[in-house]
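For the sequence shown, counting from 1, position 293 maps to 292 in numbering that gives the first Met the number 0; every step adds exactly one. Take a look at the structure below.
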Amino acid sequence: MNRLTALSLAAATLGLAAPLIAEDAPAPAARPVFDADGTVHVPAFDLPPSPFLSPEALAAQKMRARMPGGAPRNDIPVEMMRKGLAAMLSPQIAGMQKQYPVDIVEETVAGIPVRTITPKGKAWDQKRVLINVHGGGFSMCWESCSLLESIPIASVGGYKVVSVNYRMGPEAKHPAALEDTTAVYKELLKRYKPSQIGLYGCSAGGAISAEMGSWLPAHGLPQPAGLGIFGAGGVRFLAGDSAYISGNVSGSFPPPPKDGVPKSDMTRGYFDGADMSDTIISPALYPEVMAKFPPTLIITGTRAPDMSPAIVTNSALIKAHVPSTLIVGEGMAHCYIYQPGLPEARDAHQAIVDFFRANLK
0 MNRLTALSLA
10 AATLGLAAPL
20 IAEDAPAPAA
30 RPVFDADGTV
40 HVPAFDLPPS
50 PFLSPEALAA
60 QKMRARMPGG
70 APRNDIPVEM
80 MRKGLAAMLS
90 PQIAGMQKQY
100 PVDIVEETVA
110 GIPVRTITPK
120 GKAWDQKRVL
130 INVHGGGFSM
140 CWESCSLLES
150 IPIASVGGYK
160 VVSVNYRMGP
170 EAKHPAALED
180 TTAVYKELLK
190 RYKPSQIGLY
200 GCSAGGAISA
210 EMGSWLPAHG
220 LPQPAGLGIF
230 GAGGVRFLAG
240 DSAYISGNVS
250 GSFPPPPKDG
260 VPKSDMTRGY
270 FDGADMSDTI
280 ISPALYPEVM
290 AKFPPTLIIT
300 GTRAPDMSPA
310 IVTNSALIKA
320 HVPSTLIVGE
330 GMAHCYIYQP
340 GLPEARDAHQ
350 AIVDFFRANL
360 K
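Here's what the structure looks like:
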């Protein structure tokens with residue numbers, strides 16, 4: 000074997016060059032091409048469903064073939080979007096309530112509208128409480144996402160869940176959601192110890208949960224016993240590898256342009272004028288901030304745009320010696336916990352309950 004052949008074989012073994020092939024072998028698949036700045040041009044490829052999906056998840060993925068495509072629309076008036084989303088998700092809410100019977104009470108806490116969700120027909124934990132901050136791009140989905148996130152946890156865990164109807168864009172701007180969630184938290188501190196309170200959310204609510212981990216100590220308030228950051232991370236959304244990967248294999252959110260700045264603002268101005276890399280919005284960038292976090296549970300999926308923020312946040316917590324658990328649902332997309340018909344979602348619901356049981360005293 001001459002030196003050139005040996006080097007070629009070694010490079011192929013390391014994935015650095017095309018392997019030597021016989022002259023009659025089929026043409027090799029196209030390989031990624033790297034630019035000098037590190038950008039990689041990925042050739043088109045087919046991504047089959049994961050062999051590890053549950054039959055239910057596989058069936059749901061097959062249904063996508065009959066669903067319309069297209070990027071999220073931000074040119075529709077927000078009130079119309081809110082009503083349309085609530086109507087679209089109402090059958091899912093009804094199915095979830097049938098599967099997980101709960102009592103729902105609309106009320107106010109510290110002047111903030113909330114929903115209090117408790118299990119129907121069975122005893123529930125009187126000494127502990129969970130706060131939910133719902134998803135919806137900081138601009139919608141109070142009507143639905145608050146219930147999709149709260150109902151299964153209240154029912155499975157036997158908890159009282161207080162879901163916060165925080166101010167959203169375009170009517171309000173950051174830090175309005177933090178101020179409203181903090182007002183509810185401070186009121187609950189009059190009846191519960193910090194060690195008896197957990198806080199969690201998905202998507203925008205997951206981002207707010209991460210922000211609260213930085214906001215509370217910055218304002219002289221104790222941390223809750225545990226944080227749940229689902230469908231998000233402690234850095235800005237649609238950042239990192241997963242934003243591009245998910246945008247091309249899931250389609251829930253289009254991939255951002257090369258400069259990383261989305262062309263449309265799903266938050267409808269909620270973060271206008273804010274520094275997206277500051278200690279509140281992106282706490283995972285600051286080790287001294289993460290060191291003050293309570294135990295944290297992070298949930299994402301391999302096809303979710305939030306996987307990179309979730310990974311970065313989990314790594315930052317580990318470096319800060321804060322207990323952190325990262326669950327990555329195989330083949331799962333953004334906020335898959337919204338789909339109780341999937342075994343993967345039910346497993347996540349149980350993991351959330353187990354996390355709070357382990358950390359709330």
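The beta carbon of each residue, even a glycine, is placed where N, CA and C say it ideally should be.
Would you check if the distance between the CB atom of Asn-373 and the CB atom of Gly-157 is smaller than 8 angstroms?
Given that the chain is displayed from residue 0 to residue 360, the structure contains no residue 373 and the question cannot be resolved.
Which residues mark the beginning and the end of the beta strand (DSSP E) in which Ser-323 is found?
What you label residue 323 is simply residue 324 of the sequence shown in a count that begins at 1. Counting along the chain, the beta strand (DSSP E) containing Ser-323 begins and ends at 323–328.
Hey, how far is the Cα of Glu-170 from the Cα of Arg-235?
Here residue 170 is taken as the residue at index 171 of the sequence shown, counted from 1. Here residue 235 is taken as the residue at index 236 of the sequence shown, counted from 1. Distance between the alpha carbons of Glu-170 and Arg-235: 21 angstroms.
Apart from the five residues just before and just after Glu-329, which ones in its own chain have a Cβ nearer than 6 angstroms to its Cβ?
In the sequence shown, the residue the question calls residue 329 occupies position 330. Cβ within range, chain order: Ser-49, Phe-51 and Thr-301.
Am I right that Ala-283 and Thr-312 are in contact with their C-beta atoms under 8 angstroms? What's the rounded C-beta distance?
Residue 283 sits at position 284 when you count from the first residue of the sequence shown. Residue 312 sits at position 313 when you count from the first residue of the sequence shown. The Cβ separation is near 4 angstroms, so the contact holds.
For the beta strand (DSSP E) containing Ile-52, list its first residue and its last residue.
Translated into positions along the sequence shown, residue 52 becomes position 53. The residue asked about is misnamed: residue 52 is Leu in this sequence, not Ile. First-last for Leu-52: undefined, no H or E at that position.
According to the neighbour-count rule (16 or more other Cβ atoms, all chains shown, within 10 Å of its Cβ), is Gly-219 buried or exposed?
Within the sequence shown, residue 219 is the residue found at index 220, counting from 1. Looking at its Cβ environment, which holds fewer than 16 other Cβ atoms inside 10 Å, Gly-219 is exposed.
Which residue's Cα is closest to the Cα of Ile-426: Ala-332, Val-248 and Gly-230?
This structure cannot speak to residue 426, because the chain is shown only from 0 to 360.
Which of helix, strand or coil does DSSP assign to Asp-346?
The residue you call residue 346 lines up with position 347 of the sequence shown. Asp-346 falls in the helix class under three-state DSSP.
Is it right to say Val-113 is buried, meaning 16 or more other beta carbons lie within 10 angstroms of its own, or is it exposed?
As a first step, residue 113 is located in the sequence shown; it is residue number 114 there, counting from the start. Buried: at least 16 other Cβ atoms inside 10 Å.
Can you tell which of Lys-121, Ala-303 and Ser-213 has its C-alpha closest to the C-alpha of Glu-287?
Stepping through the sequence shown from its first residue, residue 287 is reached at position 288. That would be Ser-213, whose Cα lies nearest to the Cα of Glu-287.
Going by the beta-carbon positions, is the gap between Gly-232 and Ala-332 smaller than 8 angstroms?
Taking the first residue of the sequence shown as 1, we reach residue 232 at position 233. Taking the first residue of the sequence shown as 1, we reach residue 332 at position 333. The answer is no: Cβ separation not under 8 angstroms.
Using the C-alpha atoms, what's the distance from Gly-268 back to Thr-203?
Looking up residue 203 in the sequence shown gives position 204. Looking up residue 268 in the sequence shown gives position 269. Per the sequence shown, the amino acid found at residue 203 is Ala instead of Thr. Using only the alpha carbons, I get a separation of about 14 angstroms.
Would you mind listing the alpha helix (DSSP H) stretches within the stretch 268–308 that are 4+ residues and don't spill past its ends, in chain order?
286–289
Going by DSSP in three states, Tyr-165 sits in which element: helix, strand or coil?
By one-based count along the sequence shown, residue 165 stands at place 166. Here Tyr-165 sits in coil by DSSP.
Sheet register partners of Cys-201 (DSSP bridge):
Here residue 201 refers to the residue found at position 202 of the sequence shown. DSSP, once it has assigned bridges, lists Phe-229 as partnering Cys-201.
In chain order, what residues of the same chain lie with their CB nearer than 6 angstroms to the CB of Tyr-99, ignoring the 5 residues before and after it?
Within the sequence shown, the letter at position 100 stands for residue 99. Ile-150, Pro-151 and Ser-154, listed in sequence order.
Under 8 angstroms between the Cβ atoms of Trp-123 and Thr-117?
Within the sequence shown, the letter at position 124 stands for residue 123. Within the sequence shown, the letter at position 118 stands for residue 117. A contact, by the Cβ cut-off of 8 angstroms.
Between the alpha carbons of Pro-222 and Gly-250, how many angstroms are there, rounded?
Here residue 222 refers to the residue found at position 223 of the sequence shown. Here residue 250 refers to the residue found at position 251 of the sequence shown. It is Gln, not Pro, that sits at residue 222 in the sequence shown. C-alpha separation (whole angstroms): 36 angstroms.
Going straight from the alpha carbon of Phe-44 to that of Ala-29, what length do you get?
Translated into the one-based positions of the sequence shown, residue 44 becomes position 45. Translated into the one-based positions of the sequence shown, residue 29 becomes position 30. Their Cα atoms are separated by approximately 9 angstroms.
Cβ-based burial, Pro-225 [other Cβ within 10 Å; buried from 16]:
Against the sequence shown, residue 225 aligns to sequence position 226. Per the sequence shown, the amino acid found at residue 225 is Gly instead of Pro. Answer is buried; the Cβ neighbour count reaches 16.
Using the three-state DSSP reduction, which class does Ile-207 fall into: helix, strand or coil?
Working through the sequence shown from its first residue, we reach residue 207 at position 208. Three-state result, Ile-207: helix.
Taking C-alpha atoms, which residue in Phe-355, Arg-356, Gln-349 and Gly-340 lies nearest to Ser-53?
Along the sequence shown, one-based indexing puts residue 53 at 54. Selected option, being the one with the closest Cα: Gly-340.
Between Arg-81 and Cys-140, what straight-line distance do the alpha-carbon atoms span, to the nearest angstrom?
Taking the sequence shown and counting its residues from 1, one reaches residue 81 at position 82. Taking the sequence shown and counting its residues from 1, one reaches residue 140 at position 141. Computed Cα separation, rounded: 6 angstroms.
Span of the beta strand (DSSP E), counted from its first residue to its last, around Asp-102
Position 103 of the sequence shown, counting from 1, holds the residue named residue 102. It spans 101–108 - the beta strand (DSSP E) in which Asp-102 sits, taken as one unbroken run.
Thr-117, enclosing alpha helix (DSSP H) - first and last residue
By one-based count along the sequence shown, residue 117 stands at place 118. Taken as a continuous stretch (DSSP letters only), Thr-117 belongs to no alpha helix (DSSP H), being part of the beta strand (DSSP E) at 111–118.
Name the two residues that bound the continuous alpha helix (DSSP H) containing Val-234.
On the sequence shown, position 235 is the one that residue 234 refers to. No alpha helix (DSSP H) holds Val-234; DSSP gives it neither H nor E.
Check whether the Cβ atoms of Lys-257 and Thr-107 sit closer than 8 angstroms, and answer yes or no.
One-based indexing of the sequence shown puts residue 257 at position 258. One-based indexing of the sequence shown puts residue 107 at position 108. No, the pair does not count as a contact, with Cβ atoms beyond the cut-off.
DSSP bridge partner residues for Leu-129 (one or two, in chain order):
Translated into the one-based positions of the sequence shown, residue 129 becomes position 130. According to DSSP, Leu-129 bridges with Val-160 and Gly-197.
By Cβ distance, which residues of its chain are closer than 6 angstroms to Leu-146, with the 5 residues on each side in sequence left out?
The sequence position of residue 146 within the sequence shown is 147, counting from 1. Cβ within range, chain order: Ile-92.
Between which residues of its own chain and Ser-194 is the CB-CB distance below 8 angstroms, once the five residues before and five after are set aside?
If you number the sequence shown from 1, residue 194 lands on position 195. Cβ neighbours of Ser-194 beyond the five flanking positions: Ala-224, Leu-359 and Lys-360.
Tell me which same chain residues have a C-beta within less than 6 angstroms of the C-beta of Asp-102, skipping the five on either side of it?
Working through the sequence shown from its first residue, we reach residue 102 at position 103. Only Thr-117 and Lys-119 meet the Cβ criterion.
For Ser-143 and Ala-85, which I take to be in contact (beta-carbon distance under 8 angstroms), what is that distance rounded to the nearest angstrom?
Position 144 of the sequence shown, counting from 1, holds the residue named residue 143. Position 86 of the sequence shown, counting from 1, holds the residue named residue 85. The Cβ separation is near 6 angstroms, so the contact holds.
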